[in-house]
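Residue numbers for the sequence shown follow the working numbering, so the first one is 111 and each next one is one higher.
Glycine included, every Cβ here is placed at the ideal spot set by N, Cα and C.
Please read all numbers here as calculations on a predicted model, not as lab measurements.
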Amino acid sequence: MDYVTRTLDGLRRSSPGQGEFYQAVEEVLEVLAPVLDADRRYQDEAVVERLLEPERQIFFRIAWLDDQGRVRVNKGYRVQFSSTLGPYKGGLRFHPSVNAGIIKFLGFEQIFKNALTGLPLGGAKGGSDFDPKGCSQGEIMRFCQAFMTELHRHIGATIDVPAGDIGVGQREIGYLYGQYRRLNGRFEGVLTGKAAGWGGSLGRREATGYGCVYFAENMLAERGDTLAGKRCLVSGAGNVALYTLEKLTQLGARPISCSDSSGTLIHRAGLDVALLKDIKERRRLPLRDYLDCHTDATFIPVADYTAGRSPVWHEPAELAFPCATQNELTGVDAEALVANGVVGVCEGANMPSTREAVSCFLRAGIDYGPGKAANAGGVAVSQLEMQQNAAMARWPAEKVDQTLRAIMRDIHRRASATAEEFGAPGNLVLGANVAGFRRVADAMIEQGVF
Ligand code: NDP
Numbered sequence: 111m112d113y114v115t116r117t118l119d120g121l122r123r124s125s126p127g128q129g130e131f132y133q134a135v136e137e138v139l140e141v142l143a144p145v146l147d148a149d150r151r152y153q154d155e156a157v158v159e160r161l162l163e164p165e166r167q168i169f170f171r172i173a174w175l176d177d178q179g180r181v182r183v184n185k186g187y188r189v190q191f192s193s194t195l196g197p198y199k200g201g202l203r204f205h206p207s208v209n210a211g212i213i214k215f216l217g218f219e220q221i222f223k224n225a226l227t228g229l230p231l232g233g234a235k236g237g238s239d240f241d242p243k244g245c246s247q248g249e250i251m252r253f254c255q256a257f258m259t260e261l262h263r264h265i266g267a268t269i270d271v272p273a274g275d276i277g278v279g280q281r282e283i284g285y286l287y288g289q290y291r292r293l294n295g296r297f298e299g300v301l302t303g304k305a306a307g308w309g310g311s312l313g314r315r316e317a318t319g320y321g322c323v324y325f326a327e328n329m330l331a332e333r334g335d336t337l338a339g340k341r342c343l344v345s346g347a348g349n350v351a352l353y354t355l356e357k358l359t360q361l362g363a364r365p366i367s368c369s370d371s372s373g374t375l376i377h378r379a380g381l382d383v384a385l386l387k388d389i390k391e392r393r394r395l396p397l398r399d400y401l402d403c404h405t406d407a408t409f410i411p412v413a414d415y416t417a418g419r420s421p422v423w424h425e426p427a428e429l430a431f432p433c434a435t436q437n438e439l440t441g442v443d444a445e446a447l448v449a450n451g452v453v454g455v456c457e458g459a460n461m462p463s464t465r466e467a468v469s470c471f472l473r474a475g476i477d478y479g480p481g482k483a484a485n486a487g488g489v490a491v492s493q494l495e496m497q498q499n500a501a502m503a504r505w506p507a508e509k510v511d512q513t514l515r516a517i518m519r520d521i522h523r524r525a526s527a528t529a530e531e532f533g534a535p536g537n538l539v540l541g542a543n544v545a546g547f548r549r550v551a552d553a554m555i556e557q558g559v560f
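Now the structure itself:
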């Protein structure tokens, strides 16, 4: 039995019931096989075995009071995977689907994503099974305070710097930061994604979405193509989706779909992004409210989905940007995209495409930017926020945006050059995973066994 199969078998036995974690590891190890065979040091020094085991996993109880004065209890997680390249870094997710396997898949991906940016960042992830939907502002604040009351002892500006993810935006980061400051009495860059008025970086809110579109621009440029006039399908209507939609529109593309947990919105004339931001970001209303202003748009509620699948991928278009959640784009969806003439897929979300979908994209030879590379703009600008906090400085928005653009170009170039080196030009799954792995693996060997 070869090394990769043996390692995956061992992982399946040691991490039962952690399907998403296993899926993320399988994708990485399968493309790493030639690297692991070519350089025996990686096997001799058990680099993969060490990477699969987080350096530290913190599981904790969060007890808080709801508006009726009832005690509510949730699970909290912070999985500190790797600090080889810098302080642990990765977001916090608040969603009822959160469990140890999901946090481990996200944390594992984060190691390679952060390595790929070229910046000094380790990999981590955290969160809770808390469901913010339907909670009052006061409940969200009390939950965040209870969460930080336990987490604060494990993080710090040069130790572990969490950020947002699903269900955690600027409001939640504010409550978390306030509680950290109350408990520690230190005004330091311990969280990123803060509001710009008190330590946040201009451009952080936009960074993941904008970065994803810059990545798509680079993929297309390699074929001598541009975004101008391209019809784009986008899933999600949260932070990443909204700023993907905004940058696509700014660069002359025509986004025609988006979605949320209530349904899918299709507007073939081109989505009104300012209205969407007002509905979803400012007023926190359901997507359906868009129809009040645009009667030529269509909203398909989840209850009307065929076989439970969102129709978001089944419209004719040239580009697709999955920006909601993991495994939201299946093999069937991928085949529909390819049949409808899609030339590129760029992932704003983490692992949104199933393994069948990824195989379909690679077989069809279309441009495919895996999340690990394409959505790294968020963590990259988080690192710029850390730099500004450490220097007590504040960069203008143009400087942040230019730096983000340059980082996304470098990530694309690095992944693309590595794919060429391994005889698979254009295969950015291979390029991103191998480039990220080599940076962290070489550093682990140089720093000795621990
Ligand atoms: P948000 O919470 O801001 O938005 C998530 C969006 O996706 C919401 O519109 C939500 O619907 C929708 N959604 C979530 N789960 C489902 C589901 N199961 N079915 C249908 N719709 C769903 O999160 P983000 O935009 O921050 O994150 C989106 C993705 O991007 C995640 O995979 C995250 O890990 C990844 N990512 C985020 C980064 C960041 O900087 N925020 C950085 C890198 C990656 P509703 O509005 O109804 O809740």
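Distances from the CA of K340 to each of L330, D112, A417, Q153 were compared; the closest alpha carbon is that of L330. Rounded to whole angstroms, the gap between the alpha carbons of A210 and V158 is 20 Å.
Here the distance from the Cβ of D241 to the nearest heavy atom of ligand 1 is not below 7 Å. In the three-state scheme derived from DSSP, where H, G and I count as helix and E and B as strand, W308 is classed as helix. Between the region 402-409 and the region 309-322 there are fewer than three inter-stretch CB-CB distances shorter than 8 Å, so the stretches are not counted as touching. A direct Cα-to-Cα measurement between P272 and A305 gives close to 15 Å.
Bounds of the beta strand (DSSP E) holding N184 are 181-192. DSSP links S238 through a beta bridge to G186, F204. Assignment of S492 by DSSP, reduced to helix, strand and coil, places it in the helix class.
Secondary structure of K243 (DSSP, three-state): coil. In the displayed model, W423 falls within a helix according to three-state DSSP. Annotation: the continuous beta strand (DSSP E) that includes D370 extends over 364-370.
Close CB contacts of N437 within its chain, under the 6 Å cut and outside five residues either way in sequence, are with T464 (chain order).
Where L343 is concerned, there is no enclosing alpha helix (DSSP H), although the beta strand (DSSP E) around it starts and stops at 341-344.
For T440, the Cβ stays outside the 7 Å cut-off from all heavy atoms of ligand 1. Around the C-beta of K243, fewer than 16 other C-beta atoms lie within 10 Å, and the residue is accordingly described as exposed. For G217, the CB contacts under 7 Å within the same chain, skipping 5 residues up- and downstream, are P164, V189, F191, G200, G233, A234, K235 in chain order. The beta carbons of G441 and P411 sit about 24 Å from each other, so the pair does not count as a contact at 8 Å. In the structure shown, Y132 falls within a helical segment according to DSSP collapsed to helix, strand and coil.
Sequence-distant Cβ neighbours of G284 in its own chain, meaning closer than 8 Å and more than five residues away, are K304, A305.
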